[in-house]
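Protein chains in written order, with the numbering used here: chain A, 1 to 474; chain B, 1 to 474; chain C, 1 to 474; chain D, 1 to 474.
A quick write-up on the structure given underneath.
There are 4 protein chains.
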Amino acid sequence: MAEFDLVIRNGTIVTASDTYRADIGIRDGRIVALAEKLGPASEEIDASDRLVLPGGVDSHCHIDECMGPAYTADTFETATRSAAAGGTTTVISFTGQPEAGTVAESIAGSHAKAEGSALVDYSFHVIVHDTSAEGLAALEQAIADGHRSLKIFMTYGNLALGDAEILRVLTLARRAGALVTVHAENNAAIVHLTAALEQAGLTAMRYHARAKPIAVEREACHRMITLAEIADVPVQIFHVSGEESAAEVRRAQARGVKIFAETCPQYLFLTEDDLDRPGFEGAKYLCSPAPRTHADQEALWKHLRLGTLGVISSDHAATRFDDPQGKKRAGENASFAQVPNGVPGLAARLPLLFSEGVNKGRIDLNTFVALTATNPAKLFGLSPRKGTIAIGADADLVLWDRERKVTLTSALMQHAVDYTPYEGMELTGWPVMTLSRGQIVAAEGEIRGMAGHGRFLPRGPYDYILPARYPGAT
Amino acid sequence: MAEFDLVIRNGTIVTASDTYRADIGIRDGRIVALAEKLGPASEEIDASDRLVLPGGVDSHCHIDECMGPAYTADTFETATRSAAAGGTTTVISFTGQPEAGTVAESIAGSHAKAEGSALVDYSFHVIVHDTSAEGLAALEQAIADGHRSLKIFMTYGNLALGDAEILRVLTLARRAGALVTVHAENNAAIVHLTAALEQAGLTAMRYHARAKPIAVEREACHRMITLAEIADVPVQIFHVSGEESAAEVRRAQARGVKIFAETCPQYLFLTEDDLDRPGFEGAKYLCSPAPRTHADQEALWKHLRLGTLGVISSDHAATRFDDPQGKKRAGENASFAQVPNGVPGLAARLPLLFSEGVNKGRIDLNTFVALTATNPAKLFGLSPRKGTIAIGADADLVLWDRERKVTLTSALMQHAVDYTPYEGMELTGWPVMTLSRGQIVAAEGEIRGMAGHGRFLPRGPYDYILPARYPGAT
Amino acid sequence: MAEFDLVIRNGTIVTASDTYRADIGIRDGRIVALAEKLGPASEEIDASDRLVLPGGVDSHCHIDECMGPAYTADTFETATRSAAAGGTTTVISFTGQPEAGTVAESIAGSHAKAEGSALVDYSFHVIVHDTSAEGLAALEQAIADGHRSLKIFMTYGNLALGDAEILRVLTLARRAGALVTVHAENNAAIVHLTAALEQAGLTAMRYHARAKPIAVEREACHRMITLAEIADVPVQIFHVSGEESAAEVRRAQARGVKIFAETCPQYLFLTEDDLDRPGFEGAKYLCSPAPRTHADQEALWKHLRLGTLGVISSDHAATRFDDPQGKKRAGENASFAQVPNGVPGLAARLPLLFSEGVNKGRIDLNTFVALTATNPAKLFGLSPRKGTIAIGADADLVLWDRERKVTLTSALMQHAVDYTPYEGMELTGWPVMTLSRGQIVAAEGEIRGMAGHGRFLPRGPYDYILPARYPGAT
Amino acid sequence: MAEFDLVIRNGTIVTASDTYRADIGIRDGRIVALAEKLGPASEEIDASDRLVLPGGVDSHCHIDECMGPAYTADTFETATRSAAAGGTTTVISFTGQPEAGTVAESIAGSHAKAEGSALVDYSFHVIVHDTSAEGLAALEQAIADGHRSLKIFMTYGNLALGDAEILRVLTLARRAGALVTVHAENNAAIVHLTAALEQAGLTAMRYHARAKPIAVEREACHRMITLAEIADVPVQIFHVSGEESAAEVRRAQARGVKIFAETCPQYLFLTEDDLDRPGFEGAKYLCSPAPRTHADQEALWKHLRLGTLGVISSDHAATRFDDPQGKKRAGENASFAQVPNGVPGLAARLPLLFSEGVNKGRIDLNTFVALTATNPAKLFGLSPRKGTIAIGADADLVLWDRERKVTLTSALMQHAVDYTPYEGMELTGWPVMTLSRGQIVAAEGEIRGMAGHGRFLPRGPYDYILPARYPGAT
């Protein structure tokens, strides 16, 4: 009997800190050996001209989820097909939506949707909308059951929590050992500006960016950071969209506050000008926070290099464009404020970053791995099982051809929606094979994974001194 | 015949990004396998209760070197004994001192001193003092021969280079692919303040700190950074001593300049008050830049966490205290300006950082490895051979007992000087075994390495887009 | 008939920009001539050894006002006696308290209290607590009637406005031409911390400072500034208490936002240690925001010099100490949260600033005049009638003996309360005579003014490009 | 006999802090009365529709001076005609040029040139080029004789002082009570970049801006500030040209250092694009520092409002354009490095600022007076005699028609050169009459002053706590 189920031979292995050539020996879905030369295996893959990276960890994506009036187009099956196609092997989606009943009911429902459907492993952030004593007790139980991160909104109608509610959530997070994540935009200001714009008849898609200028995000970031300081608990700020917000994060880190933050491809590759495309086309690019300017894009690259921003997630929130249940649900003449928010990005995230980040010299390969796999795994309690290539870790791996030239199309994304905001981009570098726990789930554009292979990842208590190196961590 | 010369079993391996349990298989001095369980070896070490870390890389230490009027006490043999005792397996010392003749002569002399003496591997920075066309040509040859880093002084008498000379050196570094390192203090201001203090009869050791306040360092940092921006070439700033200088580095990094920086234990653990100890005792703590305040110490820890500072070196520059050739060479009533600069630190560096950094929760273990081994190895072109635990790397390893309690004494340091500035500190955590290329060079306080085992490490062209993740790097 | 009612001869006149020697000719309460030598007058005052300054403008004081559960001890008569004693000739108090009925009723009541009582001129800020359409209409009428400044609270129970309400007020202010002033502290955080402290039995006066750390003020400042940016309207931030809040103001000014700010003597001369005086004594120093640290005091002096802070007001809010209606209303064992907020300062403001500011070299004389008279007069639409010495201005003047040594006592303050927080301070420099519209209202400690002399000062539309030089103004 | 030699009736008087309507009574060249209505005078001027401002103080202009290889075109007569035409009544030029012999000889020569020629009053900064003991002694004598400000260069060939020399000068300034002014650019970097550009054949005028990018100015500003901190002496930084340098000044002010700074019209109204005009035309705009970008212009306006920059001078340094002794002295194909630096601006300074600053709402009228008259007068020891309208001050006055529309032409400038860089600009607001010590020197474009009316202004010891309000001052 062969010592290994699978050996990947002769690839160039990249972790968040190292780059070296070795064989990888896999047994029972885990990495059990790394060596210059390993013995025979039941199955072998030649990776001679390939980079072998840890599978991507996408710590922020919306799957099979009610989003206000709209509903995401992707099921766990289509979303994780898309993930696999793009080199991502772990997704963290959301549960706890108010429409789904009690926290317990919602969680049960989310698990039911994912089980048997997912091609890769998954976990959940719990959305907080009820901060009554009962609501907090239900959250505490959810945390104890391995849902170790909470999501709060500072905007979006009745989802928006006030400062007093936020402080209750932060206090719970500290006691129960969960990490709080936040959508930070000032709700009152957005409501005020939206009303003013609509009253003036300024309802085209481009006014979405004027209804939520970066100042409303900067304000909410600073407020959230202050509340976190007062409660003495770390916070992860989602989807930082430009310089002013990133600067708030950096100021906080500089005075010693444990604030973590991510950005997403839409803020690195889109601008508010995309909202101004002819006709209703701008709706394809409508997401919140709004895309900003080219200067903001450059600032975000800078903050990725500096470590201010430690994670790149997709914030995949996909609704179909040409669909009465999707972007057009309120009609093509609807105000920007009636259009479902969100863009797809699960499959595009890694190829975009690899091509425009690594291959254009903005970040190096190890930083790519850190931002897209290692850091989110550590931050959300998935390390050392996910996010790296090391003895004992799950054999979630991606083989990259760093020179492959690919024109991005929606079809390549393998998702359930009818567009990608990055249609037509010419990329260099592509994930040619994706493995989840030692099984090939995608190869050369073909999905080979099986619905149901993916499993729920319960997470242990959040370690306040982060268990390993994360930019800005104590 | 056993597959491995040596297997280290069951240790907890720590790299700059990962922590996991595995066996390490070593052959011909290199790491050839990592696995849950390796087969038999000629020799085995049980590391069950041990952390196994990459051996320390000390990228800034002065060995067997003329330092102005004084001479370091340590030979390559004693210095590398001390290194081994403290868990350090690579040292970068200096060559090119003006007293040693031409650059070529000096390099030949330095190699002669090190060969046959060193217990661990070594390399050299080349001090620049002659920027004439001939001087630059000699440097270019030295760089081509694998001495890929230059050291410039902005102070210290005739060693100090002016701005025009610095620009010539930076231009050479860009063309020839070398990294410039710098001692950044404003010479004219130090001369001015020293003269004023001496004229006023203020010559006690504590005035050393007033003769070179942090403003002179902040100024030189900003000037050096500006010259580096103009020449478009990275620079490593040595021994950042406090907040104001670190802030200059951080400002530069934030505007996208490739500036790297280190600090040293003397700035994390000593203050200017130590210079004011009774009698001549303060001379033991006299080094340049001067130790600062407790607030500066806290600031430096902050900048280590933020990534502003990416390396901790020792700046080991040891002269004996009670010795007419050492600190007392000008007598016990000498002005501070007559006392040889420098403190020993080769052996103390890692234990101090481990105890006060890792075990007190200021930095995590992976960051410890990054700061003391991985980052300096990458920055100075020694990666992937040194600075990490990975297939193909040299088997430079240190076994740590993270709970061992040790009282620091000069004797434990195994150096050639008669004191340590950290005498009596109670530490938790200790390097109990050090291996260089698979050979045990120190174990439980006993030096087992042999003079001559250590070899020169020539370094390849400096990669302007750094080959791997370094805080602040593109 | 003499050309002048009064001539003040030979004094050294000081304005916000100039210092020169001249005679001042006064007729009908106004300054009508300035000259090297003026002709005879009905009355003459020799000011040969005196500085002659514009009377102080105190743009933030609470007189005859309900403050939550407590009531200020001072009537308009006692408050303006105190003002006159301390060199202040214009006070801006508050109207619109919710306890006083509708806005119109409250304004009528405030006018009734002041008329016939005040010894010096006065005006009112209108407190905003009702932002319904009716409430805003009432405010618009009040503004049109010459009450050109609004006061909003971000904390203090039901006085606290939420962000949506603030945006409505700012929008009104922009349309109607009023200046919004604000008490900026995060209400939810204070409630949260107060509850936590009280639950832990930590109710001594010193915990007042822990229930409202500077972070809650910094947060509210930044939020208010952001809302002001969005509404595109200037705001005056009241009682900035330390570095972090001042830094927010400065950041905003640097990016071009029209944010003005003041500080008060209690933040320059008291610290949180005063709250920790033995027994119930600390209650004498309890005000909001809380006094901070010595480092914050130094930072505030710095920001006064830099122009970040352009006004020093008293925030006089005086309740008696040894009185069941005053500080002891909830008993001497009451929690800090039950003690009426506020300290007296109307009379102490100018002597403290003169002695510790001007005579100790922290600010110059012209800056003293700017901060205490000219800037508040300009900011609140009282210029050119008040706040300077110029042809046409009211003859509100103060003669200062810049070398007089005085020990501050509560009796000297001439107020209705039984203490001053500055009791026993040894000052150099004293206002020896105060004139309001040409009438002597105080001289050498004796009050000579008559109740009823003071008149209401209606104010014209706020000029968005400030009519004259104010630090940070467009 | 009339009480006054001259009364200016009914004008609107503007000072750095006040705006009011009054008559001005003048006797013996000084202001002796300000009143609502003054009695008869020998001569009267009706200023009913006019603003009456203090005459401009231009604290940085080069008159009848050798500037390296070139010579300024203006004599004291033509320069002060130009000053008078533009509303400026005090000029501070330079003496001490190395070409003029010893310091004493140079000063004697400068006085000889000015006496009998100047139409308005003048003073001198002394250029420092010899810091030997003899040189410093000569400077000390010059200071004692009323030349209370020194000028040092950090660039320009042999004029450039090194850090040690600068420290000697600062030490002298502190002891002798003089203010040091500085041209701050890094000499070595400019030489390096110029050589590189010329070697590459890049010699067109536009490369002037690339040979001295703002980084070289930022560096020199920070270095000068640090040296000033070490010597504990205030410094005035000349001609700040953009954001990065202004930010250095602001950082220093924020940490409490007494750093003052000016900018000039060329940095508010020109950009580096002007250097790129066709043919040799760009030479008209060539000055040092180089004009920057539009973003820098906006930043400078911001810093003027914030008080970072407290003075606007002309740095008038005029050479003829179409002249073999002027801009074309090295021919029209000369490298940028061979073209004489400097642009004319004595007459344009105030009209440009008034039109584009005051009338476009960027600064208010009082700030205009502060920046162009009051602040420079205070900073350079000319207050209270110059720079304001107050009893006892010299009757240096300018009547402005704030609505007059004028197209700027070189002829209107009344200077000795053949161009103005602002040719054709359409301005609103114009100085229609200028008086020096009560004498009309220019009126409606006609020069009425007499050569020889202008007198030397000796200056008293510099007051380290500035005698009156200056932004950033203690």
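Backbone N, C-alpha and C fix where the C-beta goes; we use that ideal spot for every residue, glycine too.
Computed from a predicted structure; not experimentally measured.
Query raised in the report: Are there 16 or more other CB atoms within 10 angstroms of the CB of Glu77(D), so buried, or fewer, so exposed?
Result: With 16 or more Cβ atoms within 10 Å of its Cβ, Glu77(D) is classed as buried.
Query raised in the report: In whole angstroms, what separates the C-alpha of Tyr419(C) from that of Thr372(C)?
Result: Roughly 23 Å separates the two Cα atoms.
Query - Host alpha helix (DSSP H) of Phe368(B) (start-end) - result: Phe368(B) -> alpha helix (DSSP H) spans Leu365 to Val369.
Requested in this report: Taking only the alpha-carbon atoms, compute the straight-line gap between Leu34(D) and Glu444(D) and give it to the nearest angstrom.
Outcome: Between Leu34(D) and Glu444(D), the C-alpha separation is close to 25 Å.
Query - Identified DSSP bridge partners for Asp401(C) - result: For Asp401(C), DSSP records a beta bridge to Trp430(C).
Requested in this report: Would you kindly check if the distance between the Cβ of Phe336(C) and the Cβ of Ile92(C) is under 8 Å?
Outcome: In this structure, Phe336(C) does not lie closer than 8 Å to Ile92(C) by Cβ.
Query raised in the report: Buried or exposed: Ser48(D), going by 16 or more other Cβ atoms within 10 Å of its Cβ?
Result: By the 10 Å Cβ count, Ser48(D) comes out exposed.
Requested in this report: At 4 residues or longer, and completely inside the stretch 194 to 228 of chain B: list those alpha helix (DSSP H) runs for me, N to C.
Outcome: Fully enclosed alpha helix (DSSP H) runs of 4 or longer: 207 to 211.
Report task. Could you pull out every residue in the same chain whose Cβ sits closer than 7 Å to the Cβ of Pro410(B), ignoring the five residues on either side in sequence? Result -> Pro is not the amino acid found at residue 410(B); the sequence shown has Ser there. Result list for Ser410(B): Asp418, Tyr419, Thr420 and Glu423, in chain order.
Query - Proximal residues to Ala83(B) (C-beta, below 6 Å), its chain only, five neighbours per side dropped - result: Here the set comprises Val91, Val120 and Leu346.
Query - Continuous beta strand (DSSP E) stretch holding Thr155(B): start and end - result: Counting along the chain, no beta strand (DSSP E) covers Thr155(B), and no H or E run does either.
Query raised in the report: Would you call Gly68(D) buried or exposed, if buried means 16 or more other Cβ atoms sit within 10 Å of its Cβ?
Result: Classification for Gly68(D): exposed.
**Report entry** Below-8 Å beta-carbon distance, Asp18(B) vs any chain A residue
**Finding:** Yes, Asp18(B) counts as interfacial toward chain A.
**Report entry** Proximal residues of chain C, C-beta to C-beta of Thr226(A) below 8 Å
**Finding:** Result: Asn186, Ala189, Ala215, Val216, Arg218 and Glu219.
Requested in this report: Go through the stretch 367 to 394 of chain D residue by residue and report every complete run of the alpha helix (DSSP H) that reaches 4 residues or more, in order.
Outcome: For the alpha helix (DSSP H) assignment, the uninterrupted runs of no fewer than 4 residues enclosed by the stretch 367 to 394 of chain D are, from N- to C-terminal side, 375 to 379.
**Report entry** Residues in the stretch 157 to 177 of chain C having any Cβ partner in chain A nearer than 9 Å
**Finding:** Correct list: Gly162, Asp163, Ala164, Glu165, Ile166, Leu167, Arg168 and Thr171.
Query raised in the report: DSSP state of Arg81(A), grouped into three classes?
Result: It is helical.
Query raised in the report: Smallest Cα separation from Gly177(B): which of Asp232(B), Ala160(B) and Ala188(B)?
Result: Comparing Cα positions, the closest option is Asp232(B).
Report task. Could you check the C-alpha separation between Gly101(B) and Arg168(D) for me, to the nearest Å? Result -> When rounded, the distance between both Cα atoms is 35 Å.
Query raised in the report: Going by the CB atoms, is the gap between Leu38(B) and Pro4(B) shorter than 8 Å?
Result: Checking the sequence shown, residue 4(B) turns out to be Phe, not Pro. Contact flag set, yes.
Query raised in the report: Rounded to the nearest angstrom, how far is the Cβ of Leu399(A) from that of Met433(A), given a contact under 8 Å?
Result: Contact between Leu399(A) and Met433(A) is confirmed by a C-beta separation of about 4 Å, below the 8 Å threshold.
Query raised in the report: Mind checking whether Ile230(D) and Ala252(D) have CB atoms under 8 Å apart?
Result: Cβ distance not < 8 Å, so Ile230(D) and Ala252(D) don't count as in contact.
Query raised in the report: Can you list the alpha helix (DSSP H) stretches of 4 or more residues lying completely in the stretch 98 to 150 of chain C, in chain order?
Result: Within the stretch 98 to 150 of chain C, complete alpha helix (DSSP H) segments of at least 4 residues are found at 103 to 114 and 133 to 144, given in chain order.
Query - Where Tyr285(C) falls: helix, strand or coil (DSSP) - result: DSSP places Tyr285(C) within a helical segment (H, G or I) once states are collapsed to three.
Query raised in the report: Does any residue of chain D bring its CB to less than 8 Å from the CB of His183(B)?
Result: At least 8 Å separates the CB of His183(B) from every CB of chain D.
Report task. Assign Phe260(B) to one of three DSSP states: helix, strand, or coil. Result -> Reduced to three states, the DSSP call for Phe260(B) is strand.
Query raised in the report: So, do the stretch 295 to 303 of chain D and the stretch 47 to 66 of chain D have three or more beta carbon pairs nearer to each other than 8 Å?
Result: Output reads no: the stretch 47 to 66 of chain D does not touch the stretch 295 to 303 of chain D.
Query raised in the report: Is the shortest distance between the beta-carbon of Glu65(C) and the beta-carbons of chain D less than 8 Å?
Result: For Glu65(C), the answer is no, since every Cβ of chain D falls outside 8 Å of its Cβ.
Query raised in the report: Where does Thr19(C) land, buried or exposed, given buried means 16+ other C-beta within 10 angstroms?
Result: It counts as buried.
Requested in this report: Tell me, please, whether the CB atom of Glu36(D) is closer than 8 Å to any CB atom in chain C?
Outcome: So yes, Glu36(D) belongs to the interface.
Query raised in the report: Who are the Cβ neighbours of Thr15(C) in its own chain at under 8 Å, not counting the five residues just before and after it?
Result: Contacts found: Pro54, Asn366, Val369, Thr374, Thr388, Ile389 and Ala390.
Query raised in the report: Which residues in chain C sit within 8 Å of Gln236(D), going by Cβ to Cβ distance?
Result: Per Cβ cutoff of 8 Å: no residues; Gln236(D) is ~17 Å from chain C at best.
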